[in-house]
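Novice: Under this note's numbering, the first residue of the sequence shown is numbered 30, with each subsequent residue one higher.
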Amino acid sequence: MSLPSQVAVPAPLLGFVSRAEGLFLLGEGCPSEAADRFAAWPSDRRDAFRRVAAASEFVVDQVSRDRDMLLELAESGLLERPMAEGELRRSLAAQLEACADEEALAQVLRRFRNRQQVRIIWRDVTRQAALAETCRDLSDLADACIDLAYQWIYPRHCEQFGTPVGRHSGAPLHMVILGMGKLGAHELNLSSDIDLIFGYPEGGETEGVKRSLDNQQFFIRLGQRLIKALDAITVDGFVFRVDMRLRPYGSAGALVLSFNALEQYYQDQGRDWERYAMIKARVVGGDQRAGGELLAMLRPFVYRRYLDFSAIDAMRSMKQLIQQEVRRKGMTENIKLGAGGIREVEFIAQSFQLIHGGRDLSLQQRPLLTVLATLESQGYLPAEAVAELREGYEFLRYTEHALQAIGDRQTQMLPDGEPDRTRVAFMLGFDSWEAFHERLRYWRERVARHFANVIADPDEDEAGQGQPLAGLEWLPLWQEHWDEEFACRQLAEAGFANPQGACERLGALRSGSQVRTMQRLGRERLDSFIPRLLAQAVEHEDPDLVLERVLPLIEAVARRSAYLVLLTENPGALQRLLELCAGSPWIAEQIARFPVLLDELLNAGRLYSPPQAPELAAELRERLTRIPEDDLEQQMEALRHFKLAHRLRVAASEIAGTLPLMKVSDYLTWLAEAILEEVFALAWRHTVARHGQPTRSDGSLCDPAFVIVGYGKVGGLELGHGSDLDLVFVHDGDPNAETDGAKPIDGAQFFTRLGQRIIHLLTTQTVSGQLYEVDMRLRPSGAAGLLVSSLKAFERYQSDEAWTWEHQALVRARVLVGCPRLATDFEQVRVAVLSRERDLARLRSEVSEMRAKMRDSLGTRRTQAGLGDNAFDPQASFDLKQDAGGIVDIEFMVQYAALAWSHGHPELLRYTDNIRILDGLQQAGLMPAGEVGLLQEAYKAYRAAAHRLSLQKLPGEVSADQFREERQAVMRIWRELGLS
30 MSLPSQVAVP
40 APLLGFVSRA
50 EGLFLLGEGC
60 PSEAADRFAA
70 WPSDRRDAFR
80 RVAAASEFVV
90 DQVSRDRDML
100 LELAESGLLE
110 RPMAEGELRR
120 SLAAQLEACA
130 DEEALAQVLR
140 RFRNRQQVRI
150 IWRDVTRQAA
160 LAETCRDLSD
170 LADACIDLAY
180 QWIYPRHCEQ
190 FGTPVGRHSG
200 APLHMVILGM
210 GKLGAHELNL
220 SSDIDLIFGY
230 PEGGETEGVK
240 RSLDNQQFFI
250 RLGQRLIKAL
260 DAITVDGFVF
270 RVDMRLRPYG
280 SAGALVLSFN
290 ALEQYYQDQG
300 RDWERYAMIK
310 ARVVGGDQRA
320 GGELLAMLRP
330 FVYRRYLDFS
340 AIDAMRSMKQ
350 LIQQEVRRKG
360 MTENIKLGAG
370 GIREVEFIAQ
380 SFQLIHGGRD
390 LSLQQRPLLT
400 VLATLESQGY
410 LPAEAVAELR
420 EGYEFLRYTE
430 HALQAIGDRQ
440 TQMLPDGEPD
450 RTRVAFMLGF
460 DSWEAFHERL
470 RYWRERVARH
480 FANVIADPDE
490 DEAGQGQPLA
500 GLEWLPLWQE
510 HWDEEFACRQ
520 LAEAGFANPQ
530 GACERLGALR
540 SGSQVRTMQR
550 LGRERLDSFI
560 PRLLAQAVEH
570 EDPDLVLERV
580 LPLIEAVARR
590 SAYLVLLTEN
600 PGALQRLLEL
610 CAGSPWIAEQ
620 IARFPVLLDE
630 LLNAGRLYSP
640 PQAPELAAEL
650 RERLTRIPED
660 DLEQQMEALR
670 HFKLAHRLRV
680 AASEIAGTLP
690 LMKVSDYLTW
700 LAEAILEEVF
710 ALAWRHTVAR
720 HGQPTRSDGS
730 LCDPAFVIVG
740 YGKVGGLELG
750 HGSDLDLVFV
760 HDGDPNAETD
770 GAKPIDGAQF
780 FTRLGQRIIH
790 LLTTQTVSGQ
800 LYEVDMRLRP
810 SGAAGLLVSS
820 LKAFERYQSD
830 EAWTWEHQAL
840 VRARVLVGCP
850 RLATDFEQVR
860 VAVLSRERDL
870 ARLRSEVSEM
880 RAKMRDSLGT
890 RRTQAGLGDN
900 AFDPQASFDL
910 KQDAGGIVDI
920 EFMVQYAALA
930 WSHGHPELLR
940 YTDNIRILDG
950 LQQAGLMPAG
960 EVGLLQEAYK
970 AYRAAAHRLS
980 LQKLPGEVSA
990 DQFREERQAV
1000 MRIWRELGLS
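1. Among Trp507, Val743, Asn363, which has the Cα closest to the Cα of Leu555?
2. Can you give me the C-alpha to C-alpha distance between Gln991 and Ala974, rounded to a whole angstrom?
3. His934 lies in the beta strand (DSSP E); which residues open and close that run?
4. On a Cα-Cα basis, can you pick out the residue from Leu134, Leu225, Leu562, Ile384 that is closest to Arg185?
5. Quick check on the DSSP output: the alpha helix (DSSP H) that includes Ser877 runs from which residue to which?
6. Rounded to a whole number of angstroms, what is the C-alpha to C-alpha distance between Arg561 and Leu580?
7. Taking its Cβ as the centre, do 16 or more other Cβ atoms sit within 10 Å of Thr654, making it buried, or is it exposed?
8. From this set, Gly210, Val194, Glu747, Leu212, which residue's C-alpha is nearest Met204's C-alpha?
9. Check for me: the beta strand (DSSP E) holding Gly784 runs from which residue to which?
10. Which value, in whole angstroms, describes the spacing of the CA atoms of Ser47 and Ala83?
11. With a threshold of 8 Å on Cβ separation, who are the neighbours of Pro411 within its own chain once the five nearest residues in sequence on each side are excluded?
12. With a threshold of 7 Å on Cβ separation, who are the neighbours of Gly530 within its own chain once the five nearest residues in sequence on each side are excluded?
13. Buried or exposed for Glu62, going by 16 or more other Cβ atoms inside 10 Å?
14. Using the three-state DSSP reduction, which class does Gln91 fall into: helix, strand or coil?
15. Would you kindly check if the distance between the Cβ of Val154 and the Cβ of Ser221 is under 8 Å?
16. With DSSP as the reference, label Phe907 as helix, strand or coil.
17. Do Gly721 and Asp769 have their C-beta atoms within less than 8 Å of each other?
18. What does the Cβ neighbour count give for Thr263, buried or exposed, with the cut at 16 atoms within 10 Å?
19. Please go through the same chain and pick out, in chain order, the residues whose beta-carbon is closer than 7 Å to the beta-carbon of Gly784, but skip the five residues on each side of it.
20. Nearest CA to the CA of Thr361: which residue from Ser380, Asp445, Ala306, Gly279?
21. If I measure Cβ to Cβ from Gly895 and keep anything under 8 Å in the same chain, skipping five residues before and after, which residues do I get?
22. Quick check on DSSP: helix, strand or coil for Phe227?
23. Is Trp832 buried or exposed, if buried means 16 or more other CB atoms sit within 10 Å of its CB?
24. Considering only residues of the same chain and omitting the five flanking positions on each side of Met347, which have a CB-CB separation below 6 Å?
25. Report, in whole angstroms, the separation of the C-beta atoms of Glu584 and Ala646, which I expect to be a contact under 8 Å.
26. Quick one: is Lys365 buried, meaning 16 or more other Cβ sit within 10 Å of its Cβ, or exposed?
27. In this structure, how does DSSP classify Arg993 when only helix, strand and coil are distinguished?
28. Could you tell me which uninterrupted alpha helix (DSSP H) segments, each at least 4 residues in length, are contained entirely in the segment 658 to 691, listed from first to last along the chain?
29. Which of the three DSSP states is assigned to Met547 in this structure?
30. Is it true that the CB of Glu474 sits closer than 8 Å to the CB of Gly369?
31. Hey, out of Glu577, Leu217, Glu608, Leu202, whose CA is closest to Leu630's CA?
32. Do the CB positions of Val271 and Ile249 come within less than 8 Å of each other?
33. From the DSSP secondary-structure annotation, give me the bridge partner or partners of Glu420.
34. Check Ala268 in the structure and name its three-state DSSP category.
35. Check each candidate in Pro624, Val796, Glu568, Ser557 and name the one with the smallest Cα separation from Thr597.
36. Could you compute how far the alpha carbon of Gly208 sits from the alpha carbon of Trp472?
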């Protein structure tokens, strides 16, 4: 954000300026050489000095102690330029080389810190440094002081007590120093404490001395020496105040713990506030590699794999404790802890991190402003809210720095008297305290409002508006002594058609083993949720159906009560859940099987607006790039969750009527293609890593010379909600040439293993199910054929050996993912095979025979094409797909037409979906527009009905009196084409 323009030094502060200038020009004992150097400063630097002197007593005090320090800073240019990366650390390291003892270490560290503090305050007050630079420099200063002090102490500590060695690894050990809070996030303020946690990799003893020491004792003593080097107050002040209270068990706990002890503590006893604190943990000193391993061990404690809305309740509790403390100590003017203060912005960002960060890796970041940007880009918060939070936070942080620049004191309290009020307003660019305070109040009100929107208790909101708490009238039914007669009467009065059945369902849940064995917190969450559920259920047209479909989900997640918190905290999500479950038992079953899908209900705009194909692919690619390349398990879970989430969005949109049938199939097909793209990339990367790249026949490396061809519904862009994938793999490598890796295999083996890997990634069952069932039987020679064919072998088979039904299948074949060059070559082969001239009588006979076999084996056997146009048995059912006049008849007619006439009309092979092939038949004059329209409308009507039945978990059959006219038209056109 941009602060107001700098204002002139106010009159009440001019006395401080005169005193500071006098240190050089009039000060007793000031060497003439120093005065001359000061007088030689350019006017803009002299003006900057006046501003800094007016603002900061600390800087003036440091100048009075050491004039040369400021002069040297100015002459080196460091007051007017930012420090380069690593420059600060190199400067301190050079000075520490000459330290002979810990007294010298303490002196160098403190004088270095004071010098840097003067430089940082100078650049902050004069606005030569933005907020980000100031925080970064302060954090880099702390990092350098902590780590270099540790590196100086460690070898001397080893000389005295021996070198610590791991009991299991047998290797020398270093300590790991975690920086917490603002230090961990590179957001340190001008006079901040540093919160640290110490750890060491494993137990053991020291070696190299007569009396060995237990590793923990070694590191405890080392930690004590490090704290003294940084925290002790000497004549030169201190380096940083060190706070160790965030360690396990706080002040009562051991100063240093092993990694195993740390992991065990957080796993068994870690509290919510410790999760909050651990978000920003960063290795700031000691063994960086081991520190990375420690943070990886602790990450599951911080970021849960499920949606963790219990984090909001924990934050509420923490905020309430802070507010009580603020009121008790009269700290309402504290810009960190008071209402609308810095802590509230941090709570907003970190609540989203704790809730969603286990699944959305983009939220696993430390800097607050970066997290806010992610919340906007990922749709968690609107852009307007993020802009206000960002600007408000920056204004508060600038204010915090102004408060601390005055006297280098750790304070966030607004001053209550002059001249500090004048100083703060001056540093923030305001000409009066009143103008500054009005702007501060503006930003605090904005922050407080956003905080209430995110963190506030929904019950408190409702109560505050004079409304009854949600579901209050249902509390007696659920929570008190179970009275079945009372419960049935209340359910009946509320609109349940079968109150006895509803009562039995609730009673079964209440007395079921899942609920009876719940822990206290989980039961409290369930007791809070059920009344809300009932209150919303009775608002639906059929509350009996809603309850019947939702209670299995509640029972499934009862032991994972964080999901109940999600629905309690988000009434809109609960409303959408009930709507979707009422609309589709398939959706209800999916959410019960995979409760992680409840996340999708949080955002109605996203739920009912699936992304277009490019956005879909980009979103999946972005998700996978956040996962380490070697973490296959997490990659597979991410792929499965992505599919589940987007399939739910499509189904929800279909139920809501926002997505027509053709678009439903489009989206489901795009989803499969996006997943196949990433599955292929993973399989290719894995296979190449093991065996190297294969080559083409010309010796060039395959790039990748492999395609995945889709047949059937995926080829024809007609996928349904539960469709499997008919796939064929084709390559164009040299089958005999070896790959170029450390474990070479021939090209044929390589592509076979690549295909096997793809199938494995698609079909393996994980906790989130499988991606897709895969059917490979349409490959050359079917189940008896090779898993992967070369393009030449594919062409030879299709030209010389394939049956007519295989050519029918090829009509709907298209390349889904893979090498663009090979995709073009494959399409040329496909067109050449399909467009050859055929004996039409033989073609009609073979198509008819295949259709008759399918109808006999797969149809209802109650309808027959030979009964006549009007001879439909009213007692029969109609299989939408397989019976005469149904979907497959239309598909066979389209395939017959493409095979019969594409020799003279190659444009019929441009598309693989039935609707556009029918359009092509009309445009080529091969079929009248009326008949094309009849077939297209019948086809869409059948498929729409099949989709609706699928979402209702019903078979694809309707009563025989439905679609009578459509079936008659399809059967008539079938006969007119000469098919029988």
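Just so you know, even glycine gets a beta-carbon here, dropped at the ideal spot from N, CA and C.
Specialist: The short version:
1. For Leu555, the nearest C-alpha among the options comes from Trp507.
2. 11 Å
3. Looking at the DSSP string, His934 is not in any beta strand (DSSP E), and its letter there is neither H nor E.
4. With distances taken between Cα atoms, Arg185 lies closest to Leu134.
5. 869 to 887
6. When only Cα atoms are considered, Arg561 and Leu580 end up about 13 Å apart.
7. exposed
8. Val194
9. Run containing Gly784: none in the beta strand (DSSP E); it sits in the alpha helix (DSSP H), 776 to 792.
10. Rounded to the nearest whole angstrom, the C-alpha separation of Ser47 and Ala83 is 9 Å.
11. Glu405
12. Within the same chain, and ignoring the five residues on either side of Gly530 in sequence, the residues whose Cβ sits closer than 7 Å to its Cβ are Asp573.
13. By the neighbour-count definition (other C-beta atoms within 10 Å, threshold 16), Glu62 is an exposed residue.
14. helix
15. no
16. Here Phe907 sits in strand by DSSP.
17. yes
18. exposed
19. These residues qualify, in order along the chain: Phe758, Leu816, Val817.
20. Here the closest residue by C-alpha is Asp445.
21. Any reading at Gly895 is ruled out, since the residue's pLDDT is 41, under 50, leaving its predicted position unreliable.
22. Assignment of Phe227 by DSSP, reduced to helix, strand and coil, places it in the strand class.
23. Exposed, since its Cβ has fewer than 16 Cβ neighbours within 10 Å.
24. Trp302
25. Glu584 to Ala646, Cβ: 37 Å. No contact.
26. buried
27. Taken through DSSP and simplified to helix, strand or coil, Arg993 comes out as helix.
28. 661 to 685
29. Met547 falls in the coil class under three-state DSSP.
30. yes
31. Glu608
32. no
33. According to DSSP, which records beta bridges pairwise, Glu420 is partnered with nothing at all.
34. Going by the sequence as given, residue 268 is Val instead of Ala. Coil at Val268, not helix or strand.
35. Ser557
36. 29 Å
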